[in-house]
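In terms of this note's numbering, the sequence shown opens at residue -3 and continues consecutively. A quick write-up on the structure given underneath.
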Amino acid sequence: MEQDLHSGVFGGVVHEATVDVIKLMSTLVDSKGKILIPGVMDSVDKVTAQEEKLYEGIEFDIEEFKKEAKVASVSNKVIQDNKKDLLMARWRFPSLSLHGIEGAFSGVGAKTVIPAAVKGKFSIRLVPHQDPKEIERLVKEHLEAEFAKTGSPNKMKVYSLHGAKAWVSATDHPNYKAAATAIEKVFGESPDFTREGGSIPIVGALEDSTEMNVLLLPVGACDDMAHSQNEKYNVRNLVNGIKVLGLYLHELGAIEGPKPSDCRCIVTEADMAIPGGFIKAFRCKCEM
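As structure tokens, then:
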């Protein structure tokens, strides 16, 4: 349609874009969180017995998690009913979330308008060995096939805003041992090694370019409510985070063997004249 229409006048006689987009979004994921797009799960690593054992020692309470997820006072339900399955769903399997419909009315009260155009928004949290380009192709093929089934004369376009490969690192590296020691000295508890979803593609780029172990050292709380209302950061964690960083660097310095500062690369003016040539300066690999 060229513009929005009054539903009292045109309802029932035009092909409504909102109906199409809701139908399409319902084909992406079911109410149990299962991704319905063919092929998306094919490149996900199989769970090994060794990996399953990693979840046994992690301290985690589902009832407390319900409170942190703000569902305890509403439905008091989460999809998984045991610790291992819930943590795997959060950390090592992909997920698909529906975020909204742009163009449709979402304000308070009634507005009897048929939108001329709408955009359905969703994201997929990828995991290691899933290729963003391949996932994008699978999503497009799925939506185009499902749209064809509707027989709608409306026009549809599928596009991705951005994508990045997932990253996971070796936690048995001295780098992680140094961080764990720092956490334990400051907070008085041995930390768990966790995995989370988040758009930080620079992490993988750093590890690829330097060929060295990289870690993310979180000092936030589970109830900080990132990206939500009343997002917070505890002052205690701010102060302790400074202590952790200092101790982490101290522990790194105590590791025997060559240090990153011992590495030297010769980068010429000719190298720097090449687009991306500065990356060569990060190519020296020092095993710790």
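For every residue, glycine included, the Cβ atom is placed at its ideal position computed from N, Cα and C. Only a predicted model underlies this, so the values are computations on that prediction, with no experimental measurement involved.
Check: Sorted by chain position, which residues of the same chain lie with C-beta nearer than 6 Å to S3's C-beta, five sequence neighbours on each side aside?
Finding: As a first step, residue 3 is located in the sequence shown; it is residue number 7 there, counting from the start. Contacts found: T108, I110.
Item checked: Integer Cβ distance of M21 from F143, believed to fall under 8 Å -> Here residue 21 refers to the residue found at position 25 when the sequence shown is read from its first residue. Here residue 143 refers to the residue found at position 147 when the sequence shown is read from its first residue. Not confirmed; about 11 Å, so no contact.
Next item on the list: Please report the Cβ distance between E140 and K115, rounded to the nearest whole angstrom; I am assuming they are in contact, meaning their Cβ atoms lie under 8 Å.
Entry: Start at 1 with the first residue of the sequence shown, and residue 140 comes out as number 144. Start at 1 with the first residue of the sequence shown, and residue 115 comes out as number 119. With 8 Å as the limit, E140 and K115 do not qualify as a contact, their Cβ atoms being about 16 Å apart.
Notebook entry, point to check: Taking buried to mean at least 16 other C-beta atoms within 10 Å of its own C-beta, is H138 buried or exposed?
Noted result: The residue given as residue 138 occupies position 142 in the sequence shown. Buried: at least 16 other Cβ atoms inside 10 Å.
Check: If you draw a straight line from the C-alpha of D220 to the C-alpha of V231, how long is it?
Finding: In the sequence shown, counting from the first residue as 1, residue 220 sits at position 224. In the sequence shown, counting from the first residue as 1, residue 231 sits at position 235. In a straight line, the C-alpha of D220 is about 12 Å away from that of V231.
Note to self: Going by the DSSP bridge assignment, what does H2 pair with across the sheet?
What the structure shows: Stepping through the sequence shown from its first residue, residue 2 is reached at position 6. Beta-bridge pairing links H2 to V109.
Check: With 16 other CB atoms within 10 Å as the buried threshold, where does L286 fall?
Finding: Residue 286 is absent from the structure shown; the chain starts at -3 and stops at 284.
Next item on the list: Pick out whichever of T190, P214, R88 has its Cα sitting closest to the Cα of V306.
Entry: Lying outside -3 to 284, the shown extent of the chain, residue 306 is not represented and no answer is given.
Next item on the list: Inspect the CB distances between the stretch 160 to 176 and the stretch 202 to 216 and report whether three or more fall short of 8 Å.
Entry: yes
Next item on the list: Apply the 10 Å Cβ neighbour rule to Y244 and answer buried if 16 or more other Cβ atoms are within range, or exposed otherwise.
Entry: Residue numbering aside, residue 244 sits at position 248 when the sequence shown is read from its first letter. By the neighbour-count rule (16 or more Cβ atoms within 10 Å), Y244 is buried.
Note to self: Between which residues of its own chain and A331 is the CB-CB distance below 7 Å, once the five residues before and five after are set aside?
What the structure shows: A query on residue 331 cannot be resolved here, the shown segment of the chain reaching from -3 to 284 and no further.
Check: How many angstroms separate the CA atom of Y172 from the CA atom of K151?
Finding: Translated into positions along the sequence shown, residue 172 becomes position 176. Translated into positions along the sequence shown, residue 151 becomes position 155. Cα to Cα, the separation comes out at about 51 Å.
Check: Could you give the residue range of the alpha helix (DSSP H) that holds G200?
Finding: Locating residue 200 in the sequence shown gives position 204, where the first residue counts as 1. Unbroken alpha helix (DSSP H) run through G200: 198 to 206.
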